[in-house]
Amino acid sequence: MITRVDFAISPPGLIRGAMCHTLVLDDDGLSIIKVSRGWRVGFNPAGALQSAVANATIGHLFKKAKAATEGISSDNYRQAAQGKGSVVIPRGELTDVQWSPDRLDLRLRGGGKKHRFQFEGAQAEPAHAFATALTAAR
């Protein structure tokens with residue numbers, strides 16, 4: 001069975017910027033597929049000019065991410081998971097899955113690394129269903 005959620009945002013860090021991912025859980029494990037640059041979830045700049053610039057930038061990034069996610073299907077996601085910035089974590093290596101429904105925040109350990117993803121409010125239902133499936137898969 002394949003479970004999928006789109007627009008999973010890994011937040012920016014000190015060195016790298018935010019990234020947008022598609023997460024696919026199948027019988028073999030979890031595929032974290034990088035689809036585009038990401039954005040800060042819940043970013044609300046103070047000024048009107050800053051807000052207009054931020055909205056235009058985030059809108060552009062969202063369009064690119066949407067086009068990339070539409071190109072990922074159940075037939076080609078394994079190939080997409082081999083791309084740059086993507087990771088495949090075998091099911092046996094998935095540990096410590098934490099889902100915070102109030103913050104829409106998913107944290108997990110796998111493949112020797114920690115992974116964190118945030119979701120926008122519109123993705124709450126699919127993200128919750130995915131986190132439930134991921135927790136059950138461990």
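Residues 1 to 138 (the numbering used here) are what the sequence shown spells out, left to right. We put the beta carbon where it would ideally sit given N, CA and C, even for glycine. These numbers were taken from a predicted model, which means no experiment stands behind them.
For the alpha helix (DSSP H) that contains residue i, what are its first and last residues?
i: Phe7; result: Careful: Phe7 lies outside any alpha helix (DSSP H), inside the beta strand (DSSP E) at Thr3 to Ser10.
i: Phe130; result: Ala124 to Ala137
i: Gln118; result: First-last for Gln118: Lys113 to Gln118, but that is the beta strand (DSSP E), not the alpha helix (DSSP H).
i: Arg78; result: Tyr77 to Ala80
Please report the distance separating the alpha-carbon of residue i from that of residue j.
i: Gly13; j: Ile2; result: 30 Å
i: Val5; j: Val53; result: 28 Å
i: Asn140; j: Ala137; result: Here the chain comprises residues numbered 1 to 138, so residue 140 is not present and cannot be evaluated.
i: Leu108; j: Gln79; result: 23 Å
i: Leu62; j: Thr95; result: According to the sequence provided, residue 62 is Phe. The question's Leu does not apply to it. Spanning the two alpha carbons is a distance of roughly 30 Å.
i: Ala127; j: Leu104; result: 8 Å
i: Gly83; j: Ile33; result: 8 Å
i: Gly29; j: Ala129; result: 16 Å
i: Pro101; j: Glu120; result: 11 Å
i: Thr57; j: Gly17; result: 14 Å
i: Pro11; j: Ala65; result: 15 Å
i: Ser73; j: Cys20; result: 17 Å
i: His115; j: Asp75; result: 25 Å
What do you reckon, are the CB atoms on residue i and residue j nearer than 8 Å?
i: Gly71; j: Glu93; result: no
i: Gln98; j: Phe7; result: no
i: Ala81; j: Ser31; result: yes
i: Tyr77; j: Val24; result: yes
i: Ile9; j: Trp39; result: yes
Assuming residue i is part of the beta strand (DSSP E), what are its boundary residues?
i: Arg109; result: Asp105 to Gly110
i: Ser31; result: Gly29 to Arg37
i: Asp96; result: Thr95 to Ser100
i: Ile72; result: From DSSP, Ile72 is part of no beta strand (DSSP E); its letter is neither H nor E.
Where does residue i land, buried or exposed, given buried means 16+ other C-beta within 10 angstroms?
i: Gln118; result: buried
i: Thr132; result: exposed
Grouping DSSP H, G and I as helix and E and B as strand, with all else coil, what is residue i?
i: Ile15; result: coil
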